[in-house]
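Heads up, the thing below is written out as structure tokens.
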Amino acid sequence: MLRPASAADVDAIARIWFEGWCDGHLGHVPDELVPHRGFDSFERRAPLRIADATVAEIDGQVAGFVMVVGDEVEQVYVDRAHRGGGVAAVVLAEGERQVRAGGHDQPWLAVVAGNARARRFYERQGWADTGPIDDYAIIGESGESVTVPCRRYVKPPRTAD
Ligand SMILES: CC(C)(COP(=O)(O)OP(=O)(O)OC[C@H]1O[C@@H](n2cnc3c(N)ncnc32)[C@H](O)[C@@H]1OP(=O)(O)O)[C@@H](O)C(=O)NCCC(=O)NCCS
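Each residue of the sequence shown is one higher than the one before, starting from 54 at the first, in this note's numbering.
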């Protein structure tokens, strides 16, 4: 079941986001970013992102979530216990739907270049790698950032059969 996230989901989102960030990013992002991505960083940011988030629920538990901002599908995260089980496709399709419902023709996302599992997943879902893009990961209160090499993926519109 998909539903908009609420304040009650903050703890689950922070945990899934932190664990998923470690699984997809450690070893693939600059070392200087890692000390800024402890669990506390996700605990702090999760409540600020509830309005952007849609969660997938299984048996009353949050199994994954997607965050959408404008034409960007910003975060696609599935709980470790539910990976490989189809939740990811459901939340990604919902992110795509929200982008298009917001009046944008072409959803896009950035994925860390070394995040092989996520890239294979996006490609299987019909997303196309359009090349390198730098992400600027915020690390401080005053907006300092670390440059993270990523790939930019887009979801082309469906073509008529
Ligand atoms: C990315 C994510 C949402 C994908 O969901 P998922 O349920 O794991 O996706 P699937 O298992 O359906 O597909 C993953 C693909 O990678 C493959 N895969 C599995 N483990 C892998 C690994 N360790 N390395 C590379 N590929 C792997 C799977 O076999 C599958 O490919 P295939 O269909 O060609 O066989 C999920 O893994 C996740 O939450 N990861 C951590 C957070 C993250 O990286 N999010 C993306 C940020 S942009």
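The C-beta atom is built at its ideal place from N, Cα and C for all residues, glycine as well.
Contact belief for Val140 with Gly117 at Cβ below 8 angstroms, rounded distance in angstroms
The residue you call residue 140 lines up with position 87 of the sequence shown. The residue you call residue 117 lines up with position 64 of the sequence shown. 4 angstroms between Cβ atoms; contact.
Have a look at Ile192, Ala169, Ala58 and flag the residue whose alpha-carbon is nearest the alpha-carbon of Ala106.
In the sequence shown, residue 106 corresponds to position 53, counting from 1. Of the residues Ile192, Ala169, Ala58, the one whose Cα lies closest to the Cα of Ala106 is Ala58.
Are the CB atoms of His81 and Gly184 within a distance shorter than 7 angstroms?
In the sequence shown, residue 184 corresponds to position 131, counting from 1. In the sequence shown, residue 81 corresponds to position 28, counting from 1. For the pair Gly184 and His81, the CB atoms are not nearer than the 7 angstroms cut-off.
If you measure from each residue's Cβ to the nearest non-hydrogen atom of ligand 1, which ones come out under 6 angstroms, in chain order?
With 6 angstroms as the limit, the residues whose C-beta approaches any heavy atom of ligand 1 more closely are Gly73, Asp76, Gly77, Val129, Tyr130, Val131, Arg136, Gly137, Ala141, Val164, Asn168, Ala169, Arg170, Ala171, Arg173, Phe174, Arg177, in sequence along the chain.
Since Val131 sits in a beta bridge, which residues does DSSP pair it with?
Here residue 131 refers to the residue found at position 78 when the sequence shown is read from its first residue. For Val131, DSSP records a beta bridge to Gly117.
Taking only the alpha-carbon atoms, compute the straight-line gap between Arg133 and Glu194 and give it to the nearest angstrom.
Position 80 of the sequence shown, counted from the start, is the residue given in the question as residue 133. Position 141 of the sequence shown, counted from the start, is the residue given in the question as residue 194. So the alpha carbons of these two residues sit roughly 30 angstroms apart.
Is the separation between the beta-carbon of Trp70 and that of Phe92 shorter than 7 angstroms?
Residue mapping note: residue 70 aligns to position 17 of the sequence shown, counting from 1. Residue mapping note: residue 92 aligns to position 39 of the sequence shown, counting from 1. No, these two residues do not count as a Cβ contact at 7 angstroms.
Report the option in Val129, Glu197, Met120, Ala65 whose CA atom is closest to the CA atom of Leu86.
Taking the first residue of the sequence shown as 1, we reach residue 86 at position 33. Checking every option, the nearest Cα to that of Leu86 belongs to Glu197.
How should Gly148 be labelled, buried or exposed, when 16 other C-beta atoms within 10 angstroms of its C-beta is the threshold for buried?
Along the sequence shown, one-based indexing puts residue 148 at 95. Around the CB of Gly148, 16 or more other CB atoms lie within 10 Å, so the residue is classed as buried.
Does the beta-carbon of Asp187 have 16 or more other beta-carbons within 10 angstroms, so that it is buried, or is it exposed?
Counting from 1 along the sequence shown, the entry for residue 187 is found at position 134. Asp187 should be labelled exposed.
Starting from Gly184 and walking both ways along the beta strand (DSSP E), at which residues does that stretch end?
On the sequence shown, residue 184 is found 131 positions in, with the first residue counted as 1. Taken as a continuous stretch (DSSP letters only), the beta strand (DSSP E) holding Gly184 covers 181-191.
I'd like the span of the beta strand (DSSP E) that includes Ser94, first residue to last.
Here residue 94 is taken as the residue at index 41 of the sequence shown, counted from 1. Unbroken run through Ser94 is the alpha helix (DSSP H), 92-98; no beta strand (DSSP E).
With a 10 Å radius around its C-beta and 16 neighbouring C-beta atoms as the bar for buried, classify Ala65 as buried or exposed.
As a working note, residue 65 is residue 12 in the sequence shown. Its Cβ being crowded by 16 or more others within 10 Å, Ala65 is buried.
Mind checking whether Val207 and Ala181 have CB atoms under 7 angstroms apart?
Taking the sequence shown and counting its residues from 1, the one referred to as residue 207 is at position 154. Taking the sequence shown and counting its residues from 1, the one referred to as residue 181 is at position 128. Result yes, Cβ atoms of Val207 and Ala181 sit closer than 7 angstroms.
Do you know whose CA, among Leu101, Gln178, Gln128, Met120, lies nearest Pro209's CA?
As a position in the sequence shown, residue 209 is number 156, starting the count at 1. Per the Cα distances, Gln178.
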